[in-house]
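Enquirer: So the protein sequences, as listed, match chains A and B. Counting from 4, one number per residue, gives the positions in the first sequence under my numbering. Counting from 4, one number per residue, gives the positions in the second sequence under my numbering. Glycine included, C-beta positions come from ideal geometry on N, C-alpha and C. No experiment lies behind these values; they were computed from the predicted model shown. Sending over a structure as structure tokens; questions will come in a sec.
2 protein chains.
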Amino acid sequence: MQPGYDPHAFTPFAVTVDLAVFTVRSGVLHTLLIRRGQEPYAGDWALPGGFVLPRESAETAARRELAEETGLAPDLVAALHLEQLRTYSEPDRDPRMRVVSVAFTALVPDLPEPHGGGDAADARWLPAGEPGPPVPLAFDHERILADARERVGAKLEYTCLATAFCPPEFTLGELRQVYETVWGAELDPANFRRKVLATPGFVEAVPGAARLTGGRGKPAALYRPGPAGTLAPPLLRPRPEGTAR
Amino acid sequence: MQPGYDPHAFTPFAVTVDLAVFTVRSGVLHTLLIRRGQEPYAGDWALPGGFVLPRESAETAARRELAEETGLAPDLVAALHLEQLRTYSEPDRDPRMRVVSVAFTALVPDLPEPHGGGDAADARWLPAGEPGPPVPLAFDHERILADARERVGAKLEYTCLATAFCPPEFTLGELRQVYETVWGAELDPANFRRKVLATPGFVEAVPGAARLTGGRGKPAALYRPGPAGTLAPPLLRPRPEGTAR
DNA sequence: CCCTTTATAGTCAGAGTGACTATTAAGGGA
DNA sequence: TCCCTTAATAGTCACTCTGACTATAAAGGG
């Protein structure tokens, strides 16, 4: 404790939000990134986000920034499932000043191309490859993105969130591809089907003899997300090895 | 967007940390609470915590505040496993000003009684009963505490964290009581033992014919925490019912 | 010297899962 | 038009894990 230390003084911080929004496009996990229009890191790619305004909660700010910077449809942004990831507060993470950032994760189905707005000179879906995205990111956003990817992978194990990556009606093959893409592992189609259908409330069949084809092969039945939120028992990803089971 | 809106303005926020520190005392989950010495809520009970200083990360601040306000041994506080819970940022959660708070969770073995210090007029372990603690808490700390309790219960399922509630050497009965206390459910001693011992790296037997008694009954073998961090497959808590499995 | 209590061992049946094989229903070419 | 390839779907089998129990061992308290 320094001399003259006042236990009730407080440092003013800027508070921002950052969003790691994921989608699956043709078998590859993509993240929504923007190109920064302002310093610092002007011209670099970054997660969408920005300052929290005086009367906003972090989540409200996250939705506002997402809509402003990417031009995604407002009703879609309002309905989005946002989950708080964690808060990043290292003292030097922003060169301008003391900034703490509350990071969020969201999962969306394959959407139309976004377009830049607000502080964003551009907005685009870029692959969120295993080592990282194909471009360096501003601030500590690569770290945030890596944390978010890990969280999403873990959540697929014990929640029904995978359906958030799918359109309103989807085949079990599409759902399986979500798991395979996020986990980077192949799953046995028959076993996957058995597991999903055996979990009450995970998906429900679209009643009509509705079926559809993604190309060739036997047409698949269509399903909708069911009311269940959690998967008990979980659908564990194949462990690399060495780890128990 | 308002007229005159400046997208680069930012509101100054105060950033605080709050800690939900849990322990198990004689079969009851307890939380470390302090009695506030300052307004607002002076005299009320609250989670330990306080303002983040200019050059601190949230986690550093959490450790400092915990040591200051509760007098827990510094080396213990330094070694503590702190996990970020989430950040609370509702605009009116603090009547003084705009404050966002980063909440942390920690698990400790049964420790000596703490003593107030810093802003805390008093510090004490109080039961964190199911509906909530026996006293009303300041700010939104009851909400934070409830979130933390839920998180701890969930983490016991798929991590080896339960040993953090135990002294350096413990019996499987003590470890089982941790689960029973946090989950509020009874577990079969034999099945629990089988599961724990079958998970490589969860616990390791203390080699010497060391054994100990908590009172009556056959003496139990002693174990130490093992190197494993996660439990795969998980040790699922008994589901209330209705839920699958 | 019994009785109660807790630890520990062992059994059994059923659920859940990984690895496979077989069948069905399209689409694409030759 | 007739194979071939592809993907969905059905069904098997062995093995693991778990919940429910029974049995035995080793204290401490009357």
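So, is B/L200 buried or exposed, given that buried needs 16 or more other C-beta atoms within 10 angstroms?
Expert: Label assigned to B/L200: exposed.
Enquirer: List the residues of chain A that B/E133 touches, going by C-beta distances under 8 angstroms, in chain order.
Expert: Ordered by position in chain A, no residue passes the 8 angstroms Cβ test against B/E133, which lies about 20 angstroms from the chain.
Enquirer: Starting from the beta carbon of B/R3, find every residue of chain A whose beta carbon is closer than 8 angstroms, and list them in chain order.
Expert: Since the first residue of chain B shown is 4 and the last is 248, residue 3 of chain B is not available in this structure.
Enquirer: From B/P15 to A/F13, what does the alpha carbon distance come to, in whole angstroms?
Expert: Rounded to whole angstroms, B/P15 to A/F13 spans 11 angstroms at the Cα level.
Enquirer: Between B/A17 and chain A, is there a C-beta pair that is closer than 7 angstroms?
Expert: True, the Cβ-Cβ gap to chain A drops below 7 angstroms.
Enquirer: In three-state DSSP terms, what is B/Y44?
Expert: Residue state, collapsed to three classes: coil.
Enquirer: Identify which residue in A/P134, A/L85, A/D21 and A/V102 has its Cα closest to the Cα of A/L110.
Expert: The residue with the shortest Cα to Cα distance from A/L110 is A/L85.
Enquirer: Please compile the residues from chain B whose C-beta is within a distance smaller than 9 angstroms of the C-beta of A/P237.
Expert: Chain B residues near A/P237: Y161, P236, P237 and L239.
Enquirer: Just by C-beta distance, which residues in the region 181–206 of chain B are closer than 7 angstroms to chain A?
Expert: Against chain A - using a Cβ distance shorter than 7 angstroms - the residues of the region 181–206 of chain B are T202 and P203.
Enquirer: Per the contact definition of three or more C-beta pairs closer than 8 angstroms, is the region 122–140 of chain B in contact with the region 219–237 of chain A?
Expert: Touching, no.
Enquirer: Under 7 angstroms between the Cβ atoms of B/D21 and B/S92?
Expert: Not closer than 7 angstroms, so no.
Enquirer: Determine the chain A residues that contact B/R101 at a beta-carbon separation under 7 angstroms, and present them in chain order.
Expert: In chain order: P57.
Enquirer: Run the CB neighbour count on B/P57, radius 10 Å, all protein chains shown included, and call it buried at 16 or more, exposed below.
Expert: With fewer than 16 other Cβ atoms within 10 Å, it is exposed.
Enquirer: Chain A partners of B/R242, CB-CB under 7 angstroms?
Expert: In chain order: A235.
Enquirer: With distances taken between CB atoms, is the gap from B/P98 to B/P43 smaller than 7 angstroms?
Expert: Yes. Within cutoff.
Enquirer: Determine the extent of the beta strand (DSSP E) in which B/E86 is found, giving its start and end residues.
Expert: Counting along the chain, the beta strand (DSSP E) containing B/E86 begins and ends at L85 to Y91.
Enquirer: Using 7 angstroms as the threshold, is the C-beta distance between A/L36 and A/T184 below it?
Expert: Not a contact, by the Cβ cut-off of 7 angstroms.
Enquirer: What residue range is occupied by the uninterrupted alpha helix (DSSP H) comprising A/D21?
Expert: It is not in any alpha helix (DSSP H) - A/D21 instead sits in the beta strand (DSSP E) that spans A17 to R28.
Enquirer: Take A/P6 and list the residues in its own chain whose beta-carbon comes closer than 8 angstroms to its own, dropping the five residues that flank it on each side.
Expert: Interpretation of A/P6 is limited by its pLDDT of 41, a score under 50 that renders its predicted location unreliable; no figure is taken from the coordinates.
Enquirer: Which residues in chain B have a C-beta closer than 7 angstroms to the C-beta of A/V105? List them in chain order.
Expert: Ordered by position in chain B, the residues that pass the 7 angstroms Cβ test against A/V105 are T90 and S92.
Enquirer: Tell me whether A/G245 is buried or exposed, calling it buried when 16 or more other Cβ atoms sit within 10 Å of its Cβ.
Expert: Here the model assigns A/G245 a pLDDT of 46, short of 50, so the residue's position is not dependable and the matter cannot be decided.
Enquirer: Looking only at C-alpha atoms, which of A/R67, A/G156 and A/G46 sits nearest to A/V138?
Expert: The shortest Cα separation from A/V138 among A/R67, A/G156 and A/G46 belongs to A/G46.
Enquirer: Evaluate the contact criterion for the region 148–160 of chain B versus the region 171–190 of chain B: three or more CB pairs, one atom per stretch, below 8 angstroms.
Expert: Yes, the region 148–160 of chain B touches the region 171–190 of chain B.
Enquirer: Under three-state DSSP, which class holds A/H144?
Expert: It is helical.
Enquirer: To the nearest angstrom, how far is it from the Cα of B/G53 to the Cα of B/E68?
Expert: So the two alpha carbons sit approximately 6 angstroms from each other.
Enquirer: Do you know offhand how far B/L88's Cα is from A/G204's?
Expert: Taking the straight line joining both Cα atoms gives about 28 angstroms.
Enquirer: Distance, Cα to Cα, B/G220 vs B/A208?
Expert: Each residue's Cα considered, the two are about 20 angstroms apart.
Enquirer: Counting only Cβ pairs nearer than 8 angstroms, list the residues of chain A close to B/A61.
Expert: What B/A61 touches in chain A: T90, S92 and V103.
Enquirer: Can you tell which of A/G74, A/V102, A/R179 and A/G40 has the C-alpha that lies nearest to the C-alpha of B/E59?
Expert: The shortest Cα separation from B/E59 among A/G74, A/V102, A/R179 and A/G40 belongs to A/V102.
Enquirer: B/E160 and B/R240 look like a contact to me (Cβ under 8 angstroms); what is the Cβ gap, rounded to whole Å?
Expert: About 6 angstroms separates the two Cβ atoms, so the contact holds.
Enquirer: What residue range is occupied by the uninterrupted alpha helix (DSSP H) comprising B/D125?
Expert: Element bounds for B/D125: not the alpha helix (DSSP H) but the beta strand (DSSP E), A123 to P130.
Enquirer: How would you label A/P51, buried or exposed, when you count the other beta carbons within 10 angstroms and need 16 or more for buried?
Expert: Classification for A/P51: buried.
Enquirer: With B/R67 as the anchor, note down where its alpha helix (DSSP H) starts and where it stops.
Expert: Where B/R67 is concerned, the enclosing alpha helix (DSSP H) stretches over A61 to T73.
Enquirer: Please classify B/L79: is it buried, with 16 or more other beta-carbons within 10 angstroms of its beta-carbon, or exposed?
Expert: That one is exposed.
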